[in-house]
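Take a look at the structure set out below.
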Amino acid sequence: MMRLRLLSCVAVPALSFALAAPAFAQDTQTPADAAAQNQSGQNQNGQNQAEQNTGTRDPNEIVVTAQGRAQVLADVPLAVSAVTATQLERTGANDIRALNQVAPSLLVSSTGSDANTSARIRGVGTVGDNPGLESSVATFIDGVYRSRTGLGLNDLGEIERIEVLRGPQGTLGGRNASAGMLSVTTKGPEFTFGGMAEATYGNYDAWRLQGAVTGPLTEQLAFRLDGLYSKRDGFYHDVNTGRDINNRDRYLVRGQLLFQPSSDLSVRLIGDYSYRKEDCCAAVYATADVSQANAYVSPTNPGLIAPGTPVATVLTGITGTTFAQYFPGYNDAYSRRIATSANRSYTGKTKDWGFSAEVNWNLGGVELTSITAYRDYDNTQAADADYGLADILYFGPKSGRQFKTFTQELRFHGEALGGKLDWLVGGYYAHEDLDTKSELKFGNDYGRFAACRVVYGSFSAFYNPNNVGCLSPTGVAVLSNTLGPLGAAGSAMVQGLQRLDTVRNVGDDTANFDQTSSNFAFFTHNIFHVTSKVDLTVGLRYTNETKKLNANFNNTNTICPVQQANLLPYMGVAALAPLAGGIITLSCQGGSSSALNGLTLNDQRKENKFTGTAILSWKPVDNILLYGSYSRGYKAGGFNLDRSAFKNPNPAQPLPIFPISLANAGYYADVLQFEEETVTAYEAGMKLSTRGFNLNVAGFRQEFSNFQLNTFNGTVYLVQNINGCKISLGGGDRDLSATTGACPSNQIKPGVVSTGFEVEMAMSPVRDLNFNFGVTYAKTKYANNLVGSSSGAPLDPALRLLPGQLLSNAPEWVVTSSAGWTPSLGGSLRGLLYVDARLADRYNTGSDLFPQKEQQSFVVVNGRIGISGNDQLWALELWVQNATKANYMQVGFSSPFQAVSTTPTTGYPGGSQIFSAYLAEPRTYGITLRSRF
4 MMRLRLLSCV
14 AVPALSFALA
24 APAFAQDTQT
34 PADAAAQNQS
44 GQNQNGQNQA
54 EQNTGTRDPN
64 EIVVTAQGRA
74 QVLADVPLAV
84 SAVTATQLER
94 TGANDIRALN
104 QVAPSLLVSS
114 TGSDANTSAR
124 IRGVGTVGDN
134 PGLESSVATF
144 IDGVYRSRTG
154 LGLNDLGEIE
164 RIEVLRGPQG
174 TLGGRNASAG
184 MLSVTTKGPE
194 FTFGGMAEAT
204 YGNYDAWRLQ
214 GAVTGPLTEQ
224 LAFRLDGLYS
234 KRDGFYHDVN
244 TGRDINNRDR
254 YLVRGQLLFQ
264 PSSDLSVRLI
274 GDYSYRKEDC
284 CAAVYATADV
294 SQANAYVSPT
304 NPGLIAPGTP
314 VATVLTGITG
324 TTFAQYFPGY
334 NDAYSRRIAT
344 SANRSYTGKT
354 KDWGFSAEVN
364 WNLGGVELTS
374 ITAYRDYDNT
384 QAADADYGLA
394 DILYFGPKSG
404 RQFKTFTQEL
414 RFHGEALGGK
424 LDWLVGGYYA
434 HEDLDTKSEL
444 KFGNDYGRFA
454 ACRVVYGSFS
464 AFYNPNNVGC
474 LSPTGVAVLS
484 NTLGPLGAAG
494 SAMVQGLQRL
504 DTVRNVGDDT
514 ANFDQTSSNF
524 AFFTHNIFHV
534 TSKVDLTVGL
544 RYTNETKKLN
554 ANFNNTNTIC
564 PVQQANLLPY
574 MGVAALAPLA
584 GGIITLSCQG
594 GSSSALNGLT
604 LNDQRKENKF
614 TGTAILSWKP
624 VDNILLYGSY
634 SRGYKAGGFN
644 LDRSAFKNPN
654 PAQPLPIFPI
664 SLANAGYYAD
674 VLQFEEETVT
684 AYEAGMKLST
694 RGFNLNVAGF
704 RQEFSNFQLN
714 TFNGTVYLVQ
724 NINGCKISLG
734 GGDRDLSATT
744 GACPSNQIKP
754 GVVSTGFEVE
764 MAMSPVRDLN
774 FNFGVTYAKT
784 KYANNLVGSS
794 SGAPLDPALR
804 LLPGQLLSNA
814 PEWVVTSSAG
824 WTPSLGGSLR
834 GLLYVDARLA
844 DRYNTGSDLF
854 PQKEQQSFVV
864 VNGRIGISGN
874 DQLWALELWV
884 QNATKANYMQ
894 VGFSSPFQAV
904 STTPTTGYPG
914 GSQIFSAYLA
924 EPRTYGITLR
934 SRF
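Following this line, the structure appears as structure tokens:
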């Protein structure tokens, strides 16, 4: 019932009150577009002859290039949303995260840094923070591929339109993608002098200044220059240090030239540079006001941090603080009051620059499009990685990643067979150098914390957080005594705990993973006009991908090898193995060991894939389009760029209990590999377009094989290729064993299936009043029986909750609505009243689906009211985002290393593990003054 009420509260306003004026997605044509229109004899803008002669145009018609050609949105036989410049401006969108509010099938979220932003379409996207995984949803800005979604997360200046393409992509050019594509088109140069200036001030002392100027340099050369600066205080307040975190301090400069010597040739040159220096990203401890575990586990004991819980006792004990001092946001997480280590930084620096050249040339019957680009993205990000007051784990300032990417795309487009065939062929090449450096170290409190974990869980009577090894003097005496509970091994175990206490401020000076990728592809996309009302579209793509990995390490944790040498002999004693193994594991957590220093990894993987699409479309009448499609998509495999994923070849000698062996270097490189992800998709849809009203409906089914899943289990990062098994595994994929649940290789099936439907509607019943409404139902689920590879290897036990469940961050229902009214106020004045809303159904935010990471349904509402001159020479607007102060988390995760026991029980799959959360933004509001000239 709650879900239905929430749906109603969004849907009813949409139908009776709702959206922004649907401004043109493309107001002008390039010479190539105009030539295409003239040659084909068809009007690409969808105007009838009378409209062409009178110069009128239906304001609901939006032109997109989703099929590599300029087409009216209503004539494109695939699921695509076009978000116009006006919609973006009115909803307050400064980067692609804000698209959530106006595109119901899209969800964009961030985690530990902006570089880790992930986009999902229909519930499917790249899961996790590992840069070795490519984006399931490809991002293009002005036709140039951005290597990961986070690389496109910046204030972008003035936008012409954003297209959200749903389903597999690849036959139209550029980089292939398995789930969809975001295509951002910025405003280009014009041959008429003009520009804009904008100043915004809001709460959290937010300033945003933006300006642009464009005009002719000569009759054949035009320019455009954009600049913006944005600064804001942080949303989180650290009560320990007094600093604010998740602030904003960034700027962007972009220059463009448009050379147009004739109607047949245009050259657009773009160069841009952006810089960010911001403290990001803080997290809160998940309590009952954040997590819904009380509803799904137990109202009285949901498995969250609370006074008297084992983890809270240890954390406050080693820091000498009270519970209130350590957890200032307890049961008030949305106050965003946190306490972190005073000696650790959240400072991140990002430099992102590049240039591109787009050439559109009408060669007489054939149009050539060439896009050449180079991008350099350099990000460093420090972090207090335990997100708490104790100094347990941190990323130093050298941690980061750099992408250097060169891309070249070449397309040819024309007609044949007397206009019966609209053909497109092309090629794509990309060369990418990815360098990652990790300065991940144990903090000054780690050793004491780790020792206290063991003592509190196993010898609580001897627990003393003020002593070395966390043992009271009595505990040292009793446990060391050969007549004590540990017998002759007692002294060795006590010494092991005391050595564990010394694991402080050691780890990776740098762990270096360098990956080089070379990708080339050939593609074709052809529309056969079978009759005047029936089209058959056939597309094909061949992709060749080569990735090379080089890795080396500089680690200062010399305690790990000593612990292994002294305690491994006790692993053969059943009664002592858990204690000895626990001490070693905590000393070498995540594979941190100076033994890594002699290890160098070199590996390579190659892939060749054919993908394609077939679409049959029919226009029974001019304003209705019916279509059905089949497509096959692909996302490249790669390497897990994280040392914690290493495994020894002998399962009986697991890492990190047993030492790293240089002789196993080749094996370690192999286990870092993960396979390519493929998808088979089916879609049927209908589009209705009349003057003042548009309706798009689509139904879909997508089947993903080798689904690439990256998850953090509180200790290490895992990457597995998720597949289904056609036969029952008898619960072997849902238990704690890493060896049960294998599937015969001939019984493998897709591991993730997404089915559902989408409805999008736009309506302008009268002049100056516009409504939009969208709903997406997507049941994006794992198969009931899961395995962790295409060969049928068992699923990792950390993922045992996945079988048969919805994917993380994949709400079944999403509803968006908006309304815009721009009435004339008399004279030369015009008003603005705008509101939009997005409802998201409940979903789990953690990739391992622990119940403590569940998020209930919520609604986000934005609004804007303003007054302007009819000529837009000036405009004054008051705005609010998240007007109702909706509280929700973007991602819940296991607080790193923060558990006393990881032994799971029903409802508590992480044992005494506690949880943290990255929260969504609070309510913001402000005033904007804008001028266009």
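With positions in the sequence shown counted from 1, the corresponding number in the working numbering is that position plus 3. The beta-carbon is built from N, C-alpha and C at its ideal position, and this holds for glycine as well.
Find the nearest neighbour of residue i within the set the options, judged by alpha-carbon distance.
i, options, result
"residue 368", "407, 426, 403", "426"
"residue 287", "261, 330, 590, 432", "330"
"residue 787", "235, 802, 622", "802"
"residue 398", "441, 211, 868", "441"
"residue 2", "890, 878, 830, 872", "Given a span of 4 to 936 for the chain in the structure shown, any question on residue 2 remains unanswerable."
"residue 934", "887, 873, 886, 914", "873"
"residue 189", "438, 256, 210, 854", "256"
"residue 353", "729, 830, 279, 470", "279"
"residue 905", "89, 187, 643, 460", "460"
Considering just the uninterrupted stretch of the beta strand (DSSP E) at residue i, what are its terminal residues?
i, result
"residue 305", "From DSSP, residue 305 is part of no beta strand (DSSP E); its letter is neither H nor E."
"residue 186", "183 to 189"
"residue 822", "816 to 824"
"residue 615", "603 to 624"
"residue 519", "511 to 532"
"residue 753", "751 to 753"
"residue 483", "Run containing residue 483: none in the beta strand (DSSP E); it sits in the alpha helix (DSSP H), 476 to 483."
"residue 258", "251 to 265"
According to DSSP, simplified to helix, strand and coil, what is residue i?
i, result
"residue 932", "strand"
"residue 37", "Confidence in residue 37 is poor, its pLDDT being 34 and thus under 50, which makes the residue's placement too unreliable to answer from."
"residue 283", "coil"
"residue 916", "coil"
"residue 205", "strand"
"residue 330", "coil"
"residue 699", "strand"
"residue 420", "helix"
"residue 650", "coil"
"residue 344", "coil"
"residue 787", "coil"
"residue 921", "strand"
"residue 391", "coil"
"residue 119", "helix"
"residue 567", "helix"
"residue 92", "helix"
"residue 349", "coil"
"residue 840", "strand"
"residue 671", "helix"
List the endpoints of the continuous alpha helix (DSSP H) containing residue i.
i, result
"residue 502", "493 to 503"
"residue 728", "First-last for residue 728: 720 to 728, but that is the beta strand (DSSP E), not the alpha helix (DSSP H)."
"residue 459", "449 to 461"
"residue 298", "296 to 299"
"residue 318", "313 to 322"
"residue 590", "580 to 590"
Measure the CB-CB distance between residue i and residue j and report whether it falls below 8 Å.
i, j, result
"residue 706", "residue 756", "yes"
"residue 519", "residue 436", "yes"
"residue 808", "residue 784", "yes"
"residue 601", "residue 665", "yes"
"residue 888", "residue 294", "no"
"residue 579", "residue 492", "yes"
"residue 790", "residue 745", "yes"
"residue 548", "residue 176", "no"
"residue 593", "residue 660", "no"
Confirm the yes/no value for this check: CB of residue i, any heavy atom of the ligand COA, distance under 7 Å.
i, result
"residue 781", "This structure lacks the ligand COA; in fact it carries no ligand of any kind."
Could one say the Cβ of residue i lies closer than 8 Å to chain D's Cβ atoms, at least one of them?
i, result
"residue 340", "Any reference to chain D falls outside this structure, which holds one protein chain only."
Subject >> Sufficient close CB pairs (3 or more, under 8 Å) joining the segment 276 to 292 to the segment 920 to 934 >> reply: Short answer: they touch.
Subject >> Stretch pair the segment 862 to 870 + the segment 834 to 842: three plus CB contacts closer than 8 Å >> reply: A contact is defined here as three or more CB-CB pairs under 8 Å, and the segment 862 to 870 meets this definition with respect to the segment 834 to 842.
Original post:
Quick check: the segment 628 to 645 against the segment 173 to 185, are there 3 or more CB pairs under 8 Å?
Top reply: Because the criterion of three Cβ pairs below 8 Å is met, the segment 628 to 645 and the segment 173 to 185 touch.
Original post:
Does the count of Cβ pairs from the segment 374 to 393 and the segment 303 to 315 closer than 8 Å reach three?
Top reply: Contact fails: fewer than three Cβ-Cβ distances are below 8 Å.
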